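Q: Chains as they are written, first to last, in this note's numbering: chain U, 2 to 327; chain G, 2 to 344.
Cβ atoms here follow ideal geometry from the backbone N, Cα and C, with glycine treated the same way.
Model, not experiment: these values are computed from the prediction.
I have a structure I would like to understand better, so I am pasting it below and will then ask my questions one at a time.
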């Protein structure tokens with residue numbers, strides 16, 4: 002089941018998924034409690050897409066993300082601390098408190114700021130890949146977006162050009178069945194999103210997005226194609242959002258039986274069960290792992306709560322970059 | 002030194018920057034087709050042969066390829082993206098305004114977008130959707146620099162400065178000023194040629210230019226209107242009115258130092274804008290000068306608040322002309338005393 006992967010690697014995938022779940026649950030509590038400003042869009046239930054994809058990338062490969070980007074950021078290596086600091090609006094946050102929940106990013110870790118306009122990051126990803134190609138760099142781009150983005154013109158324009166120029170970009174569609182509160186079959190006749198690739202002359206496939214190893218393996222194949230100059234690639238990852246579109250959304254539009262069916266396929270529970278079946282960890286070990294992650298998260302929250310806020314002198318800085326010195 | 006029009010000067014400027022810096026590339030529609038036009042107004046003609054693989058000819062997809070240009074810029078490339086007509090910038094505006102202009106700020110200064118965008122504007126017999134002046138829609142966007150050169154020297158120098166700048170820069174060019182030749186020549190074109198030095202030069206992106214000094218009234222204009230204002234100044238000089246003509250040139254940020262100094266000197270300002278009066282760049286200039294120069298008298302000469310009409314009879318009435326500029330200046334001088342120096 003877990004193939005030829007090393008135990009440390011597999012346990013790492015589990016830990017990272019638990020970290021994302023813990024982060025999202027903890028952050029939700031902090032928001033509802035009123036401790037944090039702003040709004041949030043969360044990814045509980047979608048941990049395997051973020052972790053499966055990012056674990057198949059090199060550290061200097063890049064990702065683009067969306068308003069629902071906390072999981073992508075953690076999976077690409079951003080620290081819980083720099084993200085919590087950002088959510089608390091602190092100067093030590095990954096965007097100095099100027100970005101917030103919807104614009105997490107860290108260039109040193111291969112993540113440009115998340116783009117919160119639906120599909121707005123898709124042309125960017127193609128352009129990043131074009132830059133890598135023009136400059137003969139080995140890097141590739143993984144571009145996360147949701148099923149809702151597929152109806153946007155930006156998606157179609159960008160994938161067409163990426164295909165035309167064989168750009169090294171993996172288009173990663175997290176199909177969680179809902180764009181905000183609207184179900185996918187209300188907005189498209191052909192709900193098999195991977196089919197879009199063939200229309201533009203490149204390869205696409207649909208993968209169980211709640212199976213972290215399946216996502217990892219599919220991404221590895223797609224990445225190899227991209228690095229061989231045979232990009233782009235479209236991955237449609239079937240998954241489900243266990244929480245509201247944004248805070249305080251009670252998700253009354255998700256039918257009960259649908260919820261139950263997907264909750265039974267929870268990516269973390271499934272992978273933990275797999276690892277237990279393979280004897281890599283026991284139930285006690287999983288419990289211990291969760292407790293360790295919780296402890297680290299709580300410690301980071303305490304630091305973030307007291308992190309220094311930007312001063313008013315920072316209000317008008319960072320509007321323009323200094324002229325290039327060359 | 003050689004005499005060049007804007008299209009030729011821009012072509013040379015782009016080629017020189019591509020030669021100087023391997024990271025520079027062009028991306029746009031119909032810019033790299035063998036036997037083609039070199040873009041809608043010949044600016045990139047022949048560059049695809051000189052720089053194979055770096056003149057990227059795109060599908061008709063302004064939103065997509067402007068986003069691609071932004072993404073490439075974020076990774077360290079230095080793209081020059083252009084639209085065939087400025088009107089098409091609306092299609093690309095999500096990428097320009099929400100991404101290119103904001104990414105530096107919303108990343109806390111960690112991302113930069115060294116991107117040049119070029120867009121032809123101006124009423125030129127093409128009706129409502131290929132002829133409007135787009136400056137107004139982009140001058141109020143924080144993080145975006147907007148320039149509008151009126152002659153070949155400025156066009157080349159500002160283009161080079163824009164390529165070397167680490168920020169997104171949107172350059173408006175006027176279709177009647179290109180001096181494009183052959184099949185792409187424009188009827189009614191105005192001579193915007195300059196003497197272009199052989200050596201490398203740049204023109205700053207944040208400085209207005211005083212085209213003609215005068216003490217009685219300041220006329221602020223840009224692109225085609227700068228030329229019309231110079232012609233009006235000649236007429237006014239024959240009536241003993243000394244008009245100071247300023248080419249605003251840098252529309253965002255505006256060069257308040259130069260604009261306000263002239264306004265203080267003359268106490269009277271005529272602002273000339275091709276495009277509807279309401280919500281125009283001229284409105285911003287008027288408000289900014291009003292705040293800086295107490296007692297200043299201002300008059301705006303602009304197009305009526307209508308879409309650009311097609312028929313020449315109506316289009317000529319739409320576009321401010323030399324007579325209207327001169328009339329406004331004359332009226333201001335006749336109606337008002339110069340600004341009191343003791344204020």
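To the nearest angstrom, how far is it from the Cα of residue 266 of chain G to the Cα of residue 245 of chain G?
A: Answer to the nearest angstrom: the Cα atoms are 10 Å apart.
Q: How would you write the range of the alpha helix (DSSP H) that residue 217 of chain U sits in, first residue to last?
A: Taken as a continuous stretch (DSSP letters only), the alpha helix (DSSP H) holding residue 217 of chain U covers 213-228.
Q: Less than 8 Å between CB atoms is the rule here; does residue 116 of chain U satisfy it with respect to chain G?
A: Taking Cβ atoms only, chain G reaches closer than 8 Å to residue 116 of chain U, which makes this a yes.
Q: Would you mind working out which of U/163, U/301, U/114, U/274 sits nearest residue 231 of chain U, comparing C-alpha positions?
A: Comparing Cα positions, the closest option is U/163.
Q: So, helix, strand or coil for residue 21 of chain U, using DSSP?
A: Helix, per DSSP.
Q: Please list, in chain order, the chain G residues whose beta carbon lies closer than 9 Å to that of residue 1 of chain U.
A: In the structure as shown, chain U starts at 2 and stops at 327, and residue 1 of chain U therefore has no counterpart that could be examined.
Q: Tell me which residues share the same chain as residue 344 of chain G and place their Cβ nearer than 7 Å to its Cβ, disregarding the 5 neighbours each side in the sequence.
A: Unreliable placement is indicated for residue 344 of chain G, whose pLDDT of 46 sits below 50; no coordinate value is reported for it.
Q: Quick test of your reading: residue 240 of chain U and residue 47 of chain U, contact by CB under 8 Å. State the CB separation rounded to the nearest angstrom.
A: Right, their Cβ atoms sit about 5 Å apart.
Q: Measuring CA to CA, which of G/30, G/276, G/15 is closest to residue 138 of chain G?
A: Among G/30, G/276, G/15, the Cα nearest to that of residue 138 of chain G belongs to G/276.
Q: Starting from residue 333 of chain G, trace the alpha helix (DSSP H) in both directions and tell me its first and last residue.
A: 323-336 is the span of the alpha helix (DSSP H), which, as asked, contains residue 333 of chain G.
Q: Using a Cβ cut-off of 9 Å, pull out every chain U residue sitting near residue 25 of chain G, in sequence order please.
A: Residues of chain U passing the Cβ test: none, with the nearest at roughly 10 Å.
Q: Give me, in chain order, the residues of the same chain whose beta-carbon lies closer than 8 Å to that of residue 129 of chain U; leave out the 5 immediate sequence neighbours on both sides.
A: Cβ within range, chain order: 63, 65, 113, 142, 170.
Q: By DSSP's criteria, residue 163 of chain G is part of a beta bridge. Which residues make up the other side?
A: Partner(s): none; residue 163 of chain G has no beta bridge.
Q: If the cut is a Cβ gap below 8 Å, which residues of chain G does residue 318 of chain U touch?
A: The answer, in chain order, is 110.
Q: Keeping to the same chain, check which residues put their C-beta closer than 8 Å to that of residue 58 of chain U; ignore five residues upstream and five downstream.
A: Contacts found: 64, 77, 111, 141, 143, 220, 224.
Q: Go to residue 168 of chain G, then tell me how far its beta strand (DSSP E) extends in each direction, as first and last residue.
A: Here residue 168 of chain G belongs to no beta strand (DSSP E), and DSSP marks it neither H nor E.
Q: Are residue 132 of chain G and residue 309 of chain G closer than 8 Å when you measure CB to CB?
A: Taking 8 Å as the Cβ cut-off, residue 132 of chain G and residue 309 of chain G qualify as a contacting pair.
Q: Evaluate residue 307 of chain G with the Cβ neighbour count: other Cβ atoms within 10 Å of its Cβ, from every protein chain shown; 16 or more gives buried, anything less gives exposed.
A: Its Cβ having fewer than 16 others within 10 Å, residue 307 of chain G is exposed.
Q: With a cut-off of 8 Å on the beta carbons, I'd call residue 248 of chain U and residue 33 of chain U a contact; round off their distance for me.
A: Sure, about 7 Å apart at Cβ, within 8 Å.
Q: What residues match up with residue 248 of chain G in a beta bridge as DSSP calls it?
A: In DSSP, residue 248 of chain G forms a bridge with G/210, G/222.
Q: Count the other CB atoms within 10 Å of the CB of residue 67 of chain U; is the residue buried (16 or more) or exposed (fewer)?
A: Answer is buried; the Cβ neighbour count reaches 16.
Q: Using C-beta distances below 6 Å, list every residue in its chain close to residue 228 of chain G, excluding the 5 sequence neighbours before and after it, in chain order.
A: The residues are 191.
Q: Cβ atoms of residue 264 of chain G and residue 283 of chain G: under 8 Å apart, would you say?
A: Cβ atoms of residue 283 of chain G and residue 264 of chain G: not closer than 8 Å.
Q: For chain G, find out if any of its Cβ atoms is closer than 8 Å to the Cβ of residue 99 of chain U; answer yes or no.
A: For residue 99 of chain U, the answer is yes, since a Cβ of chain G falls inside 8 Å of its Cβ.
Q: Does chain U have any CB closer than 8 Å to the CB of residue 98 of chain G?
A: Not one chain U Cβ lies under 8 Å of residue 98 of chain G.
Q: Could you tell me whether any Cβ in chain U is nearer than 8 Å to the Cβ of residue 70 of chain G?
A: Answer yes: the Cβ-Cβ gap between residue 70 of chain G and chain U drops below 8 Å somewhere.
Q: In whole angstroms, what separates the C-alpha of residue 196 of chain G from that of residue 326 of chain G?
A: Near 27 Å, if we compare the C-alpha coordinates of residue 326 of chain G and residue 196 of chain G.
Q: How far does the alpha helix (DSSP H) with residue 55 of chain U in it extend, from its first residue to its last?
A: Segment 48-55, the alpha helix (DSSP H) holding residue 55 of chain U.
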